[in-house]
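*Asks:* My numbering runs 135 ahead of the 1-based position in the sequence shown. This is the structure, below, for whatever I ask next.
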Amino acid sequence: MRKKTMLTRSPLLVLLLLALASACDTEAPAPEPGVDTLSPQVPEAELERAREVADALGSELQATLLATLQDDGPLGAVEVCAVEAQEISRRHTDDEIVTRRTSLLTRNPVNDPDPYEAERLEALADAHERGEMPAEEAELRTENGEQVLRYLRPIVIAEPCLTCHGDPGQIDPSVLELIRDEYPEDRAVGYDAGDFRGIVSVRLRLNDREDH
Ligand code: HEC
136 MRKKTMLTRS PLLVLLLLAL ASACDTEAPA PEPGVDTLSP QVPEAELERA REVADALGSE
196 LQATLLATLQ DDGPLGAVEV CAVEAQEISR RHTDDEIVTR RTSLLTRNPV NDPDPYEAER
256 LEALADAHER GEMPAEEAEL RTENGEQVLR YLRPIVIAEP CLTCHGDPGQ IDPSVLELIR
316 DEYPEDRAVG YDAGDFRGIV SVRLRLNDRE DH
């Protein structure tokens, strides 16, 4: 409680909170422009659709987080990430499209990668090491007999993310305690700014196409 009052009073901390507005941000600080298409025939309309959904997930998460940080501080923001992140993902998921965030080191096991995502996460981690990570990736695939577009956008750790994903020794003890309570299997700590964190992943089922 003492913490909350302090946070709302200090202008410096308010600034910090504003910086944290990007806390659940899923946008990578655009490494290389342009899509890295892993298959030659990615259809433009579907690619645009996947981009829009990936944008929407990022901006909704950010808007909700900003409001919560102002009202409730970082502890409240953990709750937002805990509940709203899943809720917002669900809102952008239906029979046709699945939108989620995933990582090789997840906080919430619900976000664990599927085999395709795991393979691409490994490849992107290597590309990041080499300083060659693309801003986005798209591939047309056949999965279980249906045509799907897989669209991925890398997420990189920025300074404000360290509040909840940094060195456990540096994370505010009450924030760390809340995270450990909510996520006993948490593996998403120990990051530094600039580290590759994961991806926004969109899986879009292609309708029976006219040329089909
Ligand atoms: C206020 C604490 C907080 C901050 C700050 C924060 N996160 Fe998280 N993050 C969480 C929580 C809690 C989850 C688990 C959400 C869920 O249950 O899906 C999470 C999950 C994620 C996931 C989904 C994969 C996983 O591990 O389950 C990604 C990716 C992610 N965060 C990236 C970031 C990035 C990038 C930043 C900075 C721009 C950031 N986070 C800042 C608390 C935070």
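Every residue gets a Cβ at the ideal spot worked out from N, C-alpha and C, and that includes glycine. Note that the coordinates shown come from a computational prediction; the quantities given were computed from them, not determined experimentally.
Quick one: what's got a C-beta closer than 8 Å to Ala-260's C-beta in the same chain, skipping five residues either side?
*Replies:* The residues are Leu-239, Phe-331.
*Asks:* Would you check whether the ligand HEC has a heavy atom nearer than 7 Å to the C-beta of His-300?
*Replies:* Indeed, a heavy atom of the ligand HEC lies less than 7 Å from the Cβ.
*Asks:* Under the rule that 16 or more other beta-carbon atoms within 10 Å means buried, what is Arg-322, buried or exposed?
*Replies:* So Arg-322 ends up on the exposed side.
*Asks:* Compare the Cα-Cα distances from Gly-325 to each of Thr-228, Thr-298, Glu-274, Ala-189 and report the closest residue.
*Replies:* Looking at the Cα atoms, Thr-298 is the closest of the given residues.
*Asks:* Within its chain, find whatever has a CB closer than 6 Å to the CB of Ala-165; leave out the 5 residues flanking it on each side and keep chain order.
*Replies:* Note that Ala-165 scores a pLDDT of 43, beneath 50, so its modelled location is shaky; the value from the coordinates is reported in the next line. The residues are Ala-270.
*Asks:* Would Arg-285 and Ala-273 qualify as a contact pair, given that the criterion is a beta-carbon distance under 8 Å?
*Replies:* Cβ distance < 8 Å, so Arg-285 and Ala-273 count as in contact.
*Asks:* In terms of alpha-carbon separation, which member of Asp-307, Pro-289, Val-283, Ala-293 lies closest to Ser-174?
*Replies:* Ranking the options by Cα distance to Ser-174, first place goes to Val-283.
*Asks:* Roughly how many whole angstroms lie between the Cα atoms of Asp-206 and Asp-327?
*Replies:* Approximately 27 Å between the Cα atoms of the pair.
*Asks:* Could you round the C-beta distance between Ile-223 and Leu-196 to whole angstroms and report it? I think they count as a contact, below 8 Å.
*Replies:* Going by Cβ atoms, the distance from Ile-223 to Leu-196 rounds to 6 Å, so yes, they are a contact pair.
*Asks:* Write down the C-beta distance between Arg-340 and Glu-281 rounded to the nearest angstrom, noting that I regard them as a contact closer than 8 Å.
*Replies:* Their Cβ separation, rounded to whole angstroms, is 6 Å, which keeps Arg-340 and Glu-281 in contact under 8 Å.
*Asks:* State the start and end residues of the unbroken beta strand (DSSP E) segment that holds Arg-225.
*Replies:* Unbroken run through Arg-225 is the alpha helix (DSSP H), 179 to 226; no beta strand (DSSP E).
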